[in-house]
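Since the structure comes first, as structure tokens, the remarks are kept for the end.
Numbering (my numbering), first residue to last: 303 to 598.
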């Protein structure tokens with residue numbers, strides 16, 4: 303595999319590590335099966351691409367895309383907390399609605415950004431190639447997001463959010479507003495996904511209505527792979543694990559698609575994804591069985 307392919311896999315892995323962090327909050331911390339991700343990811347891309355093509359500076363457009371993702375997550379949480387709609391169904395309803403919302407925002411199925419400035423073209427040093435500069439910029443973004451998330455989850459509000467997912471009844475007994483924590487957690491989760499969508503659109507040269515298909519699967523795969531690589535109950539290590547999981551997952555995808563002897567092509571991406579997720583799910587079970595046999 304060439305250096306260009308390796309850096310490309312690292313670039314996409316870093317973007318989807320933001321999705322993985324969002325999925326970690328909803329699925330692991332809040333125990334909320336959130337499929338809104340498949341809609342909030344293209345929402346972030348649609349908002350960023352539309353604003354940038356309309357003349358807004360890329361940084362403000364990226365912030366607006368992050369806020370749009372937060373609103374989408376907030377509405378999903380509101381459907382569950384206030385209207386008492388089952389969590390999975392609430393997220394499915396929001397995901398379906400966002401397809402039409404994204405089309406409304408873009409006005410057409412895709413918005414190109416080939417000739418428009420992006421956060422990467424602005425921050426890229428003149429002496430550095432774009433395929434090297436983008437991963438370096440993304441490393442800075444991901445590290446900053448991870449540190450801020452680690453700090454937040456260690457605060458009183460963050461601990462209350464974690465308690466809500468671990469044991470909602472006990473959290474309410476301690477005076478925690480569990481409904482408010484779900485709303486805040488879902489907003490934070492989808493804000494990260496919206497940010498990832500905005501950055502993805504700027505690296506790929508535009509936003510497309512279909513760019514969110516399978517995003518939740520990729521996010522879950524990153525979480526599962528990360529937990530297999532670095533199992534830990536410490537939140538600092540858990541956030542690091544999902545970032546590593548997203549990067550390793552994309553490297554495996556790139557390796558599979560660039561291995562000529564396997565014969566896989568770009569259209570086999572979903573097949574490779576399904577196989578890798580299956581392997582990631584099976585390995586921890588096999589480990590537990592082997593440990594159980596040794597213990598016996």
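For every residue, glycine included, the Cβ atom is placed at its ideal position computed from N, Cα and C.
As the structure is a computational prediction, the values presented were derived from the model and not from experiment.
Coil, strand or helix - residue i by DSSP
| i | result |
| --- | --- |
| residue 414 | strand |
| residue 399 | helix |
| residue 537 | helix |
| residue 552 | helix |
| residue 586 | helix |
| residue 545 | helix |
| residue 428 | coil |
| residue 387 | coil |
| residue 408 | helix |
| residue 514 | coil |
| residue 572 | helix |
| residue 382 | helix |
Range covered by the beta strand (DSSP E) that runs through residue i
| i | result |
| --- | --- |
| residue 359 | Counting along the chain, residue 359 falls outside any beta strand (DSSP E), and DSSP gives it neither H nor E. |
| residue 510 | 508–510 |
Beta-carbon separation (whole angstroms), residue i vs residue j, contact threshold 8 Å
| i | j | result |
| --- | --- | --- |
| residue 334 | residue 545 | No, residue 334 and residue 545 are not in contact; Cβ-Cβ is about 21 Å, not under 8 Å. |
| residue 496 | residue 370 | 6 Å |
| residue 452 | residue 541 | 6 Å |
| residue 615 | residue 523 | Outside the displayed range of the chain (303 to 598) lies residue 615, so it cannot be described from this structure. |
| residue 316 | residue 441 | 6 Å |
| residue 444 | residue 534 | Not really, about 19 Å apart at Cβ, beyond 8 Å. |
| residue 351 | residue 509 | 4 Å |
| residue 487 | residue 362 | Not confirmed; about 26 Å, so no contact. |
| residue 321 | residue 339 | 7 Å |
| residue 345 | residue 403 | 7 Å |
| residue 354 | residue 420 | 7 Å |
Any C-beta of chain D under 8 Å from that of residue i
| i | result |
| --- | --- |
| residue 582 | The structure shown contains no chain D; it holds only a single protein chain. |
Start-to-end residues for the alpha helix (DSSP H) that takes in residue i
| i | result |
| --- | --- |
| residue 528 | 517–531 |
| residue 442 | 432–455 |
| residue 298 | What the structure shows of the chain is the stretch from 303 to 598, and residue 298 is not part of that stretch, so it cannot be assessed. |
| residue 322 | 305–325 |
| residue 423 | 421–425 |
Residue i Cβ short of 7 Å to the ligand FMN heavy atom set
| i | result |
| --- | --- |
| residue 547 | Of the ligands one can find in the structure shown there are none, so the ligand FMN has no counterpart to examine. |
In the stretch 459–507, which residue ranges form an unbroken beta strand (DSSP E) of at least 3 residues, counting only runs that do not cross its ends? none
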